[in-house]
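Residues 25 to 227 (our numbering) are what the first sequence spells out, left to right.
First comes the structure, then the notes that go with it.
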Amino acid sequence: MRLDRDFFTRNTIIVARELLGKILVLKRDEKIYKGKIVETEAYIKTKDDAAHFHKGITDRTRVVAEEGGHIYIYNIYGMYQCFNIIAEKKGVHGGALIRGIEPIEGIEYMYENRYKKPLNQPKKREIINLTNGPAKFVMAYGINKDEFYGADLVTDDRIWVEDSPKLPREKIIKTTRINIDYAKSKDYLLRFYIKDNPFVSKK
DNA sequence: TCCGAGATTGGCT
DNA sequence: GCCAATCTCGGAT
Numbered sequence: 025m026r027l028d029r030d031f032f033t034r035n036t037i038i039v040a041r042e043l044l045g046k047i048l049v050l051k052r053d054e055k056i057y058k059g060k061i062v063e064t065e066a067y068i069k070t071k072d073d074a075a076h077f078h079k080g081i082t083d084r085t086r087v088v089a090e091e092g093g094h095i096y097i098y099n100i101y102g103m104y105q106c107f108n109i110i111a112e113k114k115g116v117h118g119g120a121l122i123r124g125i126e127p128i129e130g131i132e133y134m135y136e137n138r139y140k141k142p143l144n145q146p147k148k149r150e151i152i153n154l155t156n157g158p159a160k161f162v163m164a165y166g167i168n169k170d171e172f173y174g175a176d177l178v179t180d181d182r183i184w185v186e187d188s189p190k191l192p193r194e195k196i197i198k199t200t201r202i203n204i205d206y207a208k209s210k211d212y213l214l215r216f217y218i219k220d221n222p223f224v225s226k227k
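Given below as structure tokens:
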């Protein structure tokens with residue numbers, strides 16, 4: 025069952041943590057992609073200079089001002105894109121970066137999108153490498169900014185998040201975020217991942 | 001096989 | 001010039 029508005033319009037940190045274990049579903053050309061969210065990071069509205077919207081909303085980040093459930097995609101390092109789910113009520117700024125996904129359905133499509141060749145006798149390492157990073161699963165799903173920037177996971181008919189049973193507390197690891205050494209907020213414990221899951225980008 | 005350094009790349013500020 | 005990243009290749013294990 026699709027997560028509704030009430031899931032996304034809560035506090036950013038709660039949304040980021042509870043997204044673990046949920047299923048990101050994409051339907052394109054009658055092809056279904058499904059994957060379990062295994063790693064997230066929260067970017068929050070106060071005292072977080074690692075957040076793109078820290079100094080206020082710009083044209084790049086305009087969707088962050090929308091109500092929770094919208095999709096914020098940004099370009100990074102010229103060649104990659106990262107996928108965030110906006111949280112909080114309209115006008116409050118916060119979002120969760122999805123950093124890792126475990127493929128569940130449509131693995132053959134993900135494999136083709138990543139390696140530009142059909143899936144045939146894949147190595148275990150190749151499967152892990154499909155979706156164990158924030159730009160990797162975006163490439164695997166074939167998501168791009170032009171197509172999905174600002175889309176709404178609550179109402180869109182191409183992409184949504186499906187509910188799943190709440191994870192037990194001991195399966196959730198809470199730690200520091202990745203590659204934000206430049207930020208004063210680098211030591212905030214705003215990264216969450218599922219313990220022992222191989223599709224987590226970094227332990 | 002694993003790990004670190006270096007190259008890659010272009011929009012944003 | 002900087003950056004919510006990734007790939008490749010070399011040398012070490």
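Note that the Cβ used here is the ideal one computed from N, Cα and C, for glycine as well.
Item, Value
"Would you identify the three-state DSSP class for Y57, choosing helix, strand or coil?", "strand"
"Look at the Cβ atom of N137, then the Cβ atom of G166, and state whether they are nearer than 8 angstroms.", "yes"
"Which residues does DSSP list as the beta-bridge partners of P222?", "According to DSSP, which records beta bridges pairwise, P222 is partnered with nothing at all."
"For the alpha helix (DSSP H) that contains Y133, what are its first and last residues?", "I131 to Y139"
"So for Y98, helix, strand or coil by DSSP?", "strand"
"Can you round the beta-carbon distance between L48 and I125 to whole angstroms, since I take them to be within the 8 angstroms contact cut?", "6 angstroms"
"For K60, which residues in the same chain have their Cβ closer than 7 angstroms to its Cβ, ignoring the five residues on either side in sequence?", "G45, I47, I125, E126 and I128"
"Quick one: what's V185 bridged to in DSSP?", "L48"
"Taking one C-beta from the segment 32-45 and one from the segment 82-90 each time, how about it: are there three or more such pairs within less than 8 angstroms?", "no"
"Report the start-end ranges of each alpha helix (DSSP H) in the segment 187-212 that is 4 residues or longer and not cut off at the edges.", "none"
"Looking at D73 and A164, is the spacing between their C-beta atoms short of 8 angstroms?", "no"
"For V162, which residues of its own chain have a beta-carbon under 7 angstroms away from its beta-carbon, when the five flanking residues on both sides are left out?", "Q105, C106 and F107"
"Going by C-alpha to C-alpha distance, which of E186, H76 and Y98 sits closest to R29?", "E186"
"Considering only the beta carbon of each residue, do I109 and I97 sit closer than 8 angstroms?", "no"
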